[in-house]
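J.: If you scroll down you'll find the structure; I have some questions about it.
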Amino acid sequence: MNKNSLRLFSTLCAACFTLFPLFAHIKLPAIFGSNMVLQQQTDVPMWGTADKNASVEIITSWNNKTYTTKASDEGRWKLKISTPKAGNNSYNITISDGKTLTLENVLIGEVWVCSGQSNMQMPMKGYHNQPVLGALDAVLESTNPNIRIFNVGMSASITPREDFKGKWEACNPETTPNFSATAYFFGRFLQKNLNVPIGLIASSWGGTMIQPWMNDEACQEFEFYKTIKRDTAFPKNPPKVPTTLFNAMIHPMVGYGIRGAIWYQGESNKWEPEAYQRLLPAMIQGWRNKWEQGDFPFYYVQVAPHGKNEVLPNGGFLREAQLKAASVLPNVGMACVLDAGEQNNIHPANKEAAGKRLAYLALSQTYNIKGLSPFSPVFKAMTVKNDTAMLTFENAPLGLTSYGKELTLFEIAGADKVFHPAQATIIRDGIIVKSDAVPQPVAVRYAFKNFIVGELFGTNGLPVSSFRTDDWAREK
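All residue numbers for the sequence shown refer to the working numbering, where the first residue is 18 and numbers rise by one.
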């Protein structure tokens with residue numbers, strides 16, 4: 018290349034570097050993009066970056082209203098825009114600091130965050146040799162422009178991040194196979210019954226404990242908080258370090274307008290059920306504090322039965338911890354899938370049961386659909402008369418049912434704390450339990466093993482969770 022050509026090339030490069038920033042002043046986090054769903058009838062925050070001290074203008078096409086703010090010295094800006102009632106119309110949002118960025122095909126509806134470990138992450142297409150029941154039909158029939166999905170890219174960080182990878186997409190047979198099956202079934206059921214657009218944000222990572230999903234402040238009351246590394250060196254196993262998944266996969270969308278969250282996790286915390294009973298409410302409260310949207314609804318799936326019954330730990334204790342955690346905070350509910358587990362597969366195929374039961378909770382408790390009974394019956398109290406224990410239950414106005422089958426999962430113990438198989442009979446006011454081997458009952462347990470198939474239900478068809486009447490220390 019001669020000198021004149023080199024000079025011309027340098028001039029062109031300088032011109033390109035001068036011009037290109039003009040087309041990239043406004044930058045938005047990935048959670049804001051074309052095809053997104055914004056939470057209806059609220060003031061939703063939007064934020065991003067621009068040139069320092071630049072004037073930023075947002076125009077929303079549903080009302081042609083203009084919102085303005087000014088970027089900080091660091092180029093950061095944030096403002097709130099008012100959204101209308103949900104509908105089937107799509108809109109545009111234009112954002113400008115002199116050059117315009119347009120977000121297209123934006124819907125107004127209901128937005129839910131969907132998080133957890135592998136049972137939430139499990140996509141509609143399944144895992145290797147692990148299918149999702151009914152997936153082929155569900156995928157084939159998934160074309161629905163009023164359901165939008167967002168997959169958060171897996172990442173971990175020792176410090177809070179400002180953005181993650183992902184994009185909003187409409188549901189169809191090309192996009193649905195790679196999206197969370199539990200979340201999709203949840204969203205599909207909501208959209209069908211509410212007839213409004215639904216936005217689902219899936220942020221999950223298989224094999225992870227709850228501690229990495231907790232924010233820093235929520236961890237402070239726990240002993241493990243003291244072991245969190247404070248330096249910037251990246252840890253060896255980042256998904257296992259407390260706060261790292263919250264920092265990378267939740268923090269970048271904190272404040273985005275949502276209705277609530279659903280959660281499916283716990284398998285990796287099976288060794289510490291007593292701690293989990295405190296950790297789950299702490300995580301929920303931590304998210305709520307960060308989001309600053311009040312006590313938004315939080316519904317989760319109880320871990321399904323799985324594994325060999327002769328092996329410790331006993332999964333009944335973790336399910337008990339999850340059941341008890343549901344009553345610690347307001348606006349929290351648990352979906353029981355005691356009838357949908359698989360002994361040799363920690364990822365049960367019936368993800369529709371999990372998604373629909375979460376949706377029952379939301380439709381009843383969040384969307385106030387009257388006449389819907391979304392709760393499983395819950396053990397209330399035990400009284401003993403001679404050799405018989407009498408159990409009563411809440412959330413069972415019409416009693417309990419086994420659909421005519423014999424009850425086989427009850428055990429009863431005396432003061433020696435040795436449990437024996439028991440005969441259990443459903444009566445009008447609850448269940449009576451007894452065994453010839455225990456003439457003076459002290460405690461009763463139901464389905465308190467790693468793997469069982471739930472056999473006791475409310476008349477609404479929802480299974481009763483594992484439970485026990487004692488508080489004896491668990492075997493370790």
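Backbone N, C-alpha and C define an ideal beta-carbon position, used for all residues, glycine too.
Roughly how many angstroms separate the alpha carbons of ALA41 and PHE465, rounded to a whole number?
T.: In the sequence shown, residue 41 corresponds to position 24, counting from 1. In the sequence shown, residue 465 corresponds to position 448, counting from 1. Confidence in ALA41 is poor, its pLDDT being 41 and thus under 50, which makes the residue's placement unreliable; the coordinate value appears in the next sentence. For ALA41 and PHE465, the distance between alpha carbons rounds to 58 Å.
J.: State whether the region 47-62 contacts the region 268-288, with contact taken as three or more CB pairs (one from each stretch) at a distance under 8 Å.
T.: Contact between the region 47-62 and the region 268-288 is present, because at least three Cβ pairs lie under 8 Å.
J.: Which same chain residues, not among the five before or five after PRO190, have their C-beta less than 8 Å away from its C-beta?
T.: The sequence position of residue 190 within the sequence shown is 173, counting from 1. Taken in chain order, the residues that qualify are VAL156, LEU157, SER159 and THR160.
J.: Could you tell me whether the region 359-379 touches the region 319-336, using the rule of 3 or more Cβ pairs below 8 Å?
T.: The answer is yes - the region 319-336 touches the region 359-379, with three or more Cβ pairs under 8 Å.
J.: Let me check one thing: in DSSP terms, what residues is PRO179 bridge-paired to?
T.: Stepping through the sequence shown from its first residue, residue 179 is reached at position 162. Reading the sequence as shown, one finds Glu at residue 179 and not Pro. According to DSSP, GLU179 bridges with nothing at all.
J.: Comparing C-alpha positions only, which one of ILE43, LYS44, LEU417 and THR59 sits nearest to PHE311?
T.: The sequence position of residue 311 within the sequence shown is 294, counting from 1. Per the sequence presented here, residue 311 reads as Gly, with Phe not at that position. Of the candidates ILE43, LYS44, LEU417 and THR59, the one whose C-alpha sits nearest the C-alpha of GLY311 is THR59.
J.: Should LEU39 be labelled buried (16 or more other beta-carbon atoms within 10 Å of its own) or exposed?
T.: Position 22 of the sequence shown, counted from the start, is the residue given in the question as residue 39. With a pLDDT of 36 at LEU39, under the threshold of 50, the modelled position of this residue cannot be trusted; read the value that follows with caution. Answer is exposed; the Cβ neighbour count stays below 16.
J.: Relative to the alpha-carbon of LYS95, which residue among VAL345, GLY431, LEU479 and TYR273 has its alpha-carbon at the smallest distance?
T.: Here residue 95 corresponds to residue number 78 of the sequence shown, with the count starting at 1. It is TYR273 whose Cα lies nearest to the Cα of LYS95.
J.: Going by beta-carbon coordinates alone, are MET300 and ALA200 separated by less than 8 Å?
T.: For this step, residue 300 is matched to residue 283 along the sequence shown. For this step, residue 200 is matched to residue 183 along the sequence shown. Against a cut-off of 8 Å, the Cβ pair of ALA200 and MET300 comes out as no contact.
J.: Which residue's Cα is closest to the Cα of VAL61: ARG93, PRO101, GLU91 and GLY204?
T.: What you label residue 61 is simply residue 44 of the sequence shown in a count that begins at 1. Closest option to VAL61, Cα to Cα, is PRO101.
J.: Should SER381 and LEU389 be called a contact, given that it needs their Cβ atoms to be closer than 8 Å?
T.: As a first step, residue 381 must be located in the sequence shown, where it is residue number 364. As a first step, residue 389 must be located in the sequence shown, where it is residue number 372. Yes, these two residues count as a Cβ contact at 8 Å.
J.: Under a three-way DSSP split, which group does TRP489 fall into?
T.: What you label residue 489 is simply residue 472 of the sequence shown in a count that begins at 1. In the structure shown, TRP489 sits in coil (DSSP, three-state: anything other than H, G, I, E or B).
J.: Taking buried to mean at least 16 other C-beta atoms within 10 Å of its own C-beta, is PHE241 buried or exposed?
T.: For this step, residue 241 is matched to residue 224 along the sequence shown. With fewer than 16 Cβ atoms within 10 Å of its Cβ, PHE241 is classed as exposed.
J.: In the region 335-422, which residue ranges form an unbroken alpha helix (DSSP H) of at least 4 residues, counting only runs that do not cross its ends?
T.: You should have 368-378.
J.: Thinking C-beta only, is THR66 closer than 8 Å to GLU74?
T.: On the sequence shown, position 57 is the one that residue 74 refers to. On the sequence shown, position 49 is the one that residue 66 refers to. No, Cβ-Cβ distance for GLU74 and THR66 is not below 8 Å.
J.: Within the continuous beta strand (DSSP E) that includes ALA155, where are the two ends?
T.: Locating residue 155 in the sequence shown gives position 138, where the first residue counts as 1. Element bounds for ALA155: not the beta strand (DSSP E) but the alpha helix (DSSP H), 152-157.
J.: If you count every other CB in all the chains shown that lies within 10 Å of the CB of PRO391, and 16 or more means buried, which is it?
T.: Counted from its first residue, the sequence shown places residue 391 at position 374. The residue is buried, with at least 16 neighbouring Cβ atoms inside 10 Å.
J.: Does the structure place the region 351-361 close enough to the region 398-411 that three or more beta carbon pairs sit under 8 Å?
T.: The answer is no - the region 351-361 does not touch the region 398-411, with fewer than three Cβ pairs under 8 Å.
J.: Can you list, in chain order, the residues of its chain whose CB lies under 7 Å from that of LYS287, leaving out five sequence neighbours each side?
T.: If you number the sequence shown from 1, residue 287 lands on position 270. Hits under 7 Å: PRO330, GLY332 and LEU335.
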